[in-house]
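The structure appears below as structure tokens.
Protein chains: 2
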Amino acid sequence: MDKPATIKDVAELARVHAATASRALNPQTRDKVSPRTAARIVEAARTLGYSPNSAARSLRTRTSSVVGVVIPDLRNPVFPPIVRGVEDALREAGYLALLGNTDGDAERERDLLTTMRGQQLAGFILATSRRDTLPPLGPDVSVVLVNRRTEAGDIASVVPDSGAGVRAVVNLLVERGHRRIAHLAGPQDTSTGVERHRAFLDGLAAHGLSPVGVVVSAAFTEQAGYEAAQELLAGSAAVTAIVAGNDMIALGCYRALEERGLRCPEDVSVTGFNDMPFLDKQRPALTTVRIPHYDIGYEAARLLLERIANPGAPAKRVVLPVQLITRDSVTSPASPA
Amino acid sequence: MDKPATIKDVAELARVHAATASRALNPQTRDKVSPRTAARIVEAARTLGYSPNSAARSLRTRTSSVVGVVIPDLRNPVFPPIVRGVEDALREAGYLALLGNTDGDAERERDLLTTMRGQQLAGFILATSRRDTLPPLGPDVSVVLVNRRTEAGDIASVVPDSGAGVRAVVNLLVERGHRRIAHLAGPQDTSTGVERHRAFLDGLAAHGLSPVGVVVSAAFTEQAGYEAAQELLAGSAAVTAIVAGNDMIALGCYRALEERGLRCPEDVSVTGFNDMPFLDKQRPALTTVRIPHYDIGYEAARLLLERIANPGAPAKRVVLPVQLITRDSVTSPASPA
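The listed protein sequences derive, respectively, from chains W and R.
If you count by the numbering used here, then the first sequence holds residues 68 to 404, one letter each, in order.
If you count by the numbering used here, then the second sequence holds residues 68 to 404, one letter each, in order.
Right, dumping it as structure tokens:
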């Protein structure tokens, strides 16, 4: 094989000093070179197949151009478009994404973060945060929380507007004539679980109503939603509408209703949260709250890059707007109360 | 802050030499230490919050414990469980996954691989391979292809049995009385597209039948499948069953049928390939071929770890069995030919 191209070869082809070439090829110092010169250097590097030795650079600068992205489980359909948004924003800045799943398990998360820290990462994007604890990363690490936030400290985050979304769902149900409305809440150690539960109670109270039942689902999964729905339906036979903490819980609820011989929406209306892909093709098509998945990921990565460039800046908390998506799973109750 | 723990601190707590501790904490040399001793050292490292400086190790060994995982688009539901399988197998061996999307674009792929190579990765898992080209990585790099293979050279791969899957689909349709069967093929620069097309023709020929139409979809996406189905339906009015190259193409086909006022399955039966998640809840529930997504990813990572440990070994080509999943999108034709 040919000897690999060096930074000197790149500098020569681009007619600049080696130091300038090096700055232009490092995402963290690229803005010190004029955009036109930087473009010429990047082109020269591409022509020569030059690959910067990031391990050496990482050792010298004590950091890398790799970001850790930690989520509960990629198989939950809410995460792929978020991770794709993260990756696109990182790539535009010359960064790469190291991906890990935790299954929401605190020990698995700790092990993963320890392994990732060994890579001298530039920062972390975490979708696994619990409401009352800080991520086990130390104050010197750049972190942005995505789709979750914490009350335990001052950490940057990008989340959808859970409150506005659930209030819109409750308003829709009340307009359609529902008065006996229950909630299958998400886990109460997550910000999303708590905020949606609060918004559910506030939304009902604004119409002078109280819930006919609230059951907390053990996880944001179809199986946990199924179990929570069984418990709810065994206790509150009079329910005409169920507000689920997310789409997966709503799908579990579909299964529990079917097993009890109840039809959705004729006997019980159901709503979700997230508008995960392909929900429009479910039976019945689920009424839900659309969150801007891709934008949430993209914004989180932009925010992390800001924090890496300026670690002392105040931690922003970004809330993105949501949209009520009305489909077939909601109708008026058979006998309005 | 406290001074970070060193390898000497870990060795002291675990009562071993520093060299032994170092070997136990490096996934590539862990098997040189007895499992009990290794477990004690890992426990000591965890207690002390010790984080091995992988950047330094990477520079010394000219490799890292990070693997590049390159896919077309994480938002195609076939990939999340594959990537999850990859990540689980890597994690068990102390490796991490660096994830990138290419949108099937050759230039984006080349740029991504160049950036990743700068990280001194241990190897690559690629789901983006074209049938007739080698990945642009050079012969010194450990590579495993996942869900795709190439005819251009001797590269390890893990794929589902496309041929057996499509033949099972064709047999089902013929058994139900279909004789006017068409194919919406996947892109013919991919191994999956070509192998499924061949199996379709072979399957029909085994029953003495010829296709009433074959249209090649520009991509494995719903939109491309929709456009290919429009073209097929404009040309072959007599079709009673359509074998789609994958589930996404089948969903596009649903949309094209609906627009022409044709019912599935009463007027036209449709089949897919992959059994991506939540298909059982589609309308109508799609008859398809289930591939072992997670296992494909897990096997590919195991195969890559084998190749990293033993780069000179022959490149295995692993084919995993598939399963016909019969749902509502197939019925007998209204007027059997």
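Ideal Cβ positions, reconstructed from N, Cα and C, are used throughout, including at glycine.
- At a cut-off of 8 angstroms between C-beta atoms, threonine 257 of chain R does not count as an interface residue with respect to chain W.
- Taking a 10 Å sphere around the C-beta of arginine 330 of chain R, we find fewer than 16 other C-beta atoms and assign the residue as exposed.
- Of all residues in the stretch 74 to 87 of chain W, none is placed with a Cβ closer than 7 angstroms to any Cβ belonging to chain R.
- Straight through space, the alpha carbons of alanine 317 of chain R and glutamine 290 of chain R are spaced by roughly 10 angstroms.
- Glycine 167 of chain R belongs to the set of residues whose beta carbon lies under 8 angstroms from a beta carbon in chain W.
- Counting the other CB atoms within 10 Å of its CB gives proline 359 of chain R a total of 16 or more, which places it among the buried residues.
- Taking 9 angstroms as the Cβ-Cβ cut-off, the stretch 181 to 192 of chain R approaches chain W at Thr181, Thr182, Met183, Arg184, Gly185, Gln186 and Gln187, given in chain order.
- Against phenylalanine 345 of chain R, the close residues of chain W are Pro144, Leu318, Met343, Pro344, Phe345, Leu346, Lys348 and Gln349, in the order they occur along the chain (beta-carbon pairs closer than 9 angstroms).
- Collapsing the DSSP output to three states places phenylalanine 340 of chain W in coil.
- Beta-bridge partners assigned by DSSP to histidine 250 of chain W: W:Val281 and W:Val310.
- Rounded to the nearest angstrom, the Cβ distance from valine 133 of chain R to leucine 188 of chain R is 5 angstroms, consistent with a contact under 8 angstroms.
- Rounded to whole angstroms, the separation of the alpha carbons of proline 254 of chain W and tyrosine 365 of chain R is 30 angstroms.
- Residues Pro147, Val150, Leu166 and Asn168 of the same chain have their beta carbon placed closer than 8 angstroms to that of leucine 141 of chain R, with the five preceding and five following residues left out of the count.
- In the displayed model, valine 389 of chain W falls within coil according to three-state DSSP, outside both helix and strand.
- Annotated three-state conformation of threonine 355 of chain R is strand, per DSSP.
- Among the residues facing chain R, aspartate 172 of chain W is not included, as its CB has no counterpart in that chain under 8 angstroms away.
- With respect to chain W, the C-beta atom of alanine 164 of chain R has a partner C-beta closer than 8 angstroms.
- When only Cα atoms are considered, isoleucine 375 of chain R and glycine 161 of chain R end up about 13 angstroms apart.
- Taking a Cβ-Cβ cut-off of 8 angstroms, proline 378 of chain W has no neighbours in chain R, whose nearest Cβ is about 15 angstroms from it.
- Cβ-Cβ distances below 7 angstroms link alanine 382 of chain R to Asp221, Ile222 and Ala223 in the same chain, with the five nearest sequence neighbours on each side left out; the list follows chain order.
- Spanning the alpha carbons of leucine 92 of chain W and glutamate 373 of chain W requires a straight line of approximately 19 angstroms.
- Comparing C-alpha distances from glutamate 176 of chain W to each of W:Gln186, W:Leu193, W:Leu163 and W:Gly185 shows the shortest one belongs to W:Leu193.
- Every unbroken stretch of the beta strand (DSSP E) spanning 3 or more residues and falling wholly within the stretch 173 to 220 of chain W is given here in chain order: 190 to 193 and 210 to 213.
- Chain W places a beta carbon closer than 8 angstroms to that of leucine 141 of chain R, counting this residue as a contact.
- Under the 10 Å beta carbon count, alanine 156 of chain W is surrounded by 16 or more other beta carbons and is classified as buried.
- Annotated three-state conformation of leucine 371 of chain R is helix, per DSSP.
- In this structure proline 351 of chain R is not in contact with proline 378 of chain R, their Cβ atoms being roughly 49 angstroms apart against a cut-off of 8 angstroms.
- Straight-line measurement puts the Cα of aspartate 362 of chain W at about 30 angstroms from the Cα of serine 336 of chain W.
- Less than 8 angstroms separates the beta-carbon of glycine 280 of chain W from that of alanine 249 of chain W.
- Residue-level contact by beta carbon fails for glutamate 110 of chain R and chain W, as no gap is shorter than 8 angstroms.
- Residues of chain R whose Cβ lies closer than 8 angstroms to the Cβ of arginine 151 of chain W are, in chain order, Asp140, Leu141, Arg142 and Asn168.
- In the DSSP assignment, valine 225 of chain W is bridged to W:Val213 and W:Val385.
- Neighbours of valine 133 of chain W in chain R, taken as residues at a C-beta separation under 9 angstroms, are given in chain order as Val133, Leu165 and Gln186.
- Counting only the Cα atoms, glycine 319 of chain W lies some 12 angstroms from glutamate 298 of chain W.
- At a beta-carbon threshold of 7 angstroms, none of the residues of chain R lie near glutamate 326 of chain W; the nearest stands roughly 15 angstroms away.
- Secondary structure at glycine 171 of chain W: coil, using DSSP grouped into helix, strand and coil.
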